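In what follows, a structure is listed as structure tokens, so that the remarks can point back to it.
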Amino acid sequence: MQTQYRPKNHYRNLLFYSTSLLAICSFYWVFPLYPQPENYHDFSGDQMLLGIPNFMNVTSNIFYIIAGIWGLYKVKNSYFMLPTIRWQLFFITIIGVGIGSSYYHFSPATNTLFWDRLPMSLGFAFLSANFLAERYTAFKTRTTLLLIIGFSLYSVIHWHLGEMIDLGDLRLYGITQFATIALIGFILIFHPQHPRLDHPYWILFLGYGIAKICEMLDPTIFALSHGLLGGHVIKHIISGIALICFMPPLRAHFNFPSSLLTRSLKTSKNNINL
């Protein structure tokens, strides 16, 4: 009897999905139910200005909107031959983050926080899917993209519906956000590629890390700045600038050395997937 041949990509996908499922189950087993803390909505320096409540936290989201528009422009005008629709969708979600976060900070509450986290979860989904697809052929499929997006959407909806019946659970959303960053950091360190491919992601990785530290030190930074800016505002600014700076290196990795470009173009003919 002839043994059916299965390509290496099949086993790589199987390994990825099985280890992901194992990690999620382990996370649920280790960490208990985690609802949304009510004190999360207490930000430093939430003063009204020009008739806008929480003025600095609302208006600092302009950096996300600028980053999204700038990213769409650069991707649209790049001459790289590989499909760019995934990156266009990523930058559309970044614009959504700016709008959703502004809406939330205008009236901070658990129910409005949903509209902040929904586009954010999609942004992390497209980022992780694009990152994996750039490096591993096995992840260029629509199946991988749809599974990652589906899980990210479910994580936010699961948390939001749970909050309505006092059973809110942020564990899945935590996986969506922190697993994406951990995955990118792990691969950048232990499986680096050409510097032009890695530099853009290092910018996002470091920008995210600094922004999260500022968020955790919100009242401390507000006190040190003598009431000028809170840490959450600086989080918006730093992460927004990191996304804006993400584009020049991203365009740079559209300009591969000729050998890399040739291989990429050959690959693209066989990978016209979304």
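If you want our numbering, it's the position in the sequence shown, counting the first as 1, plus 140. Beta carbons: idealized from backbone N, C-alpha and C, even for Gly. Fair warning: this is a prediction, and the values are worked out from it, not measured in the lab.
Check: Please go through the segment 210 to 293 and give each complete alpha helix (DSSP H) segment of 4 or more residues, from N-terminal end onward.; Outcome: 225 to 246 and 250 to 275
Check: Cutting at 6 Å between CB atoms, please list the residues of its own chain near Tyr204, excluding the five before and the five after it.; Outcome: Ile234, Val237, Gly238 and Gly380
Check: Could you say which of Phe266, Arg226, Ile206 and Phe195 lies nearest to Tyr244 if we only look at CA atoms?; Outcome: Phe195
Check: State the DSSP-derived secondary structure class of Phe396, mapped to helix, strand or coil.; Outcome: The predicted model places Phe396 with a pLDDT of 43, which falls under 50 and marks its position as unreliable; any figure quoted below should be read in that light. Residue state, collapsed to three classes: coil.
Check: Helix, strand or coil, according to DSSP, for Ile305 in the structure here?; Outcome: coil
Check: If distances are taken between C-alpha atoms only, which option among Gly367, His372, His366 and Leu344 comes closest to Ile353?; Outcome: His372
Check: May I ask you to verify whether the segment 171 to 181 touches the segment 304 to 311, counting CB pairs closer than 8 Å and requiring at least 3?; Outcome: yes
Check: Look at the Cβ atom of Arg226, then the Cβ atom of Phe291, and state whether they are nearer than 8 Å.; Outcome: no
Check: Please list, in chain order, all residues of the same chain as Phe298 whose beta carbon is under 6 Å from its beta carbon, the five residues on each side excluded.; Outcome: Checking the displayed sequence, the identity of residue 298 turns out to be His instead of Phe. Contacts found: Leu312.
Check: Which residue's Cα is closest to the Cα of Leu293: Tyr276, Phe264 and Phe246?; Outcome: Phe264
Check: With which residues is Ile192 paired in a DSSP beta bridge?; Outcome: Leu189
Check: Going by other Cβ atoms of all chains shown within 10 Å of its Cβ, with 16 needed for buried, is Asp182 buried or exposed?; Outcome: exposed
Check: Would you report the Cα separation of Leu272 and Asp358, rounded to the nearest angstrom?; Outcome: 33 Å
Check: Please identify the residue among Phe330, Ala322, Ser268 and His331 whose C-alpha is closest to the C-alpha of Gly349.; Outcome: Ala322
Check: Let me know if Ile324 comes out buried or exposed under the rule of 16 or more other beta-carbons within 10 Å of its beta-carbon.; Outcome: buried
Check: Please return the same chain residues whose Cβ sits closer than 7 Å to the Cβ of Leu189, not counting the five positions on each side in sequence.; Outcome: Phe195
Check: Taking the alpha-carbon positions, what's the Gly367 to Phe254 distance?; Outcome: 28 Å
Check: Quick one: is His393 buried, meaning 16 or more other Cβ sit within 10 Å of its Cβ, or exposed?; Outcome: Here His393 scores only 45 on pLDDT, less than 50, and its place in the model should not be relied on; the value that follows carries that caveat. Per the 10 Å Cβ criterion, buried.
Check: If I'm right that Phe362 touches Gly185 with Cβ under 8 Å, what's the distance once you round it to whole angstroms?; Outcome: 5 Å
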